[in-house]
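For reference, the structure discussed in these notes is given below.
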Amino acid sequence: MKVCPFCAHGNREGVLFCEECGQVLFGGDLTATRKLARSTVQLEGKNTWGTARFSQHAVIMLQVRDNPNMVEIKPGTETTVGRYDPSSSVRPTIDMSTYGGYENGVSRMHAIIRRGEDTLTLIDLGSANGTHLNGQRLVPNQPRVLRDGDEVRFGKLVCRVFFKMIENNT
């Protein structure tokens, strides 16, 4: 039986991720991301009405809760979301440190936004505190379609995602 170092759940032999919290059960520095206490607040799922179509001439506008500034992201094939740690050689594309990433339980390599032909998908990378899309926790390494207006929670850091068309100057 493999005991999870984060939630102390006893897992079956051979599993790679904790069956309770989704944490990776092997390798790496397991103390790097601060484990947050489980919330007793029940989150409701939100109906999504925004478009899933993401044009080649669009950018992502990320609104971090309680922050008036929008972050503009020009997504590449894969855009990593996490927090910078000077003791690590790994660096995310989008650094959430300046938005309280550490305090809110954002892992160094928390999630990926993957660009397809005309859609975006969000993938949790087995983060310690999980990634939620419209109130539903993502299963690690399972892509979910990202839509205009979606609410994404990296640990306890809440963001709203908007798609914005950019002018084509050609």
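Following the numbering used here, the numbering of the sequence shown begins with 2 at its first residue and continues without gaps. Built from N, CA and C at the ideal position, the CB exists for glycine as well. It should be emphasised that the depicted structure is a prediction, and the values quoted were computed from it without experimental measurement.
Check, Outcome
"Taking Gly83 as part of the beta strand (DSSP E), name the residues at either end of that continuous run.", "Glu79 to Gly83"
"What does the alpha-carbon distance come out to for the pair Gly131 and Lys36?", "10 Å"
"Out of Val16, Val107, Thr122 and Pro87, which one is the CA nearest neighbour of Leu158?", "Val107"
"Could you check where the beta strand (DSSP E) with Lys165 kicks off and where it finishes?", "Leu158 to Met166"
"By the three-class DSSP mapping on this structure, what secondary structure does Thr99 have?", "helix"
"Grab me the residues of Lys75's own chain with a C-beta within less than 7 Å of its C-beta, minus the 5 sequence neighbours each way, in chain order.", "Val60"
"Asn142: which of Asp86, Asn68 and Leu17 sits nearest, CA to CA?", "Leu17"
"Is it buried or exposed, Ala112, if we count other Cβ atoms within 10 angstroms and call 16 or more buried?", "buried"
"Going by CA-CA distance only, name the one from Gln137, His58 and Gly102 that's closest to Ile167.", "His58"
"With the cut-off set at 8 Å, would you say Phe163 and Gln64 are in Cβ contact?", "yes"
"Mapping the DSSP letters down to three states, classify Thr122 as helix, strand or coil.", "strand"
"For a test of the three-state rule: what should DSSP assign to Gln57, helix, strand or coil?", "coil"
"Within 10 angstroms of its Cβ, does Ser90 collect 16 or more other Cβ (buried), or is it exposed?", "exposed"
"CB-CB under 8 Å to Arg66, same chain, minus the five flanking residues each way: which ones, in chain order?", "Leu158, Val159, Cys160 and Arg161"
"One question on the structure: do Pro93 and Met71 come within less than 8 Å of each other, judged by their Cβ atoms?", "no"
"Excluding the five sequence neighbours on either side, which residues of its own chain have a C-beta within less than 8 Å of the C-beta of Asp96, listed in chain order?", "Gly83, Arg84, Tyr85 and Gly102"
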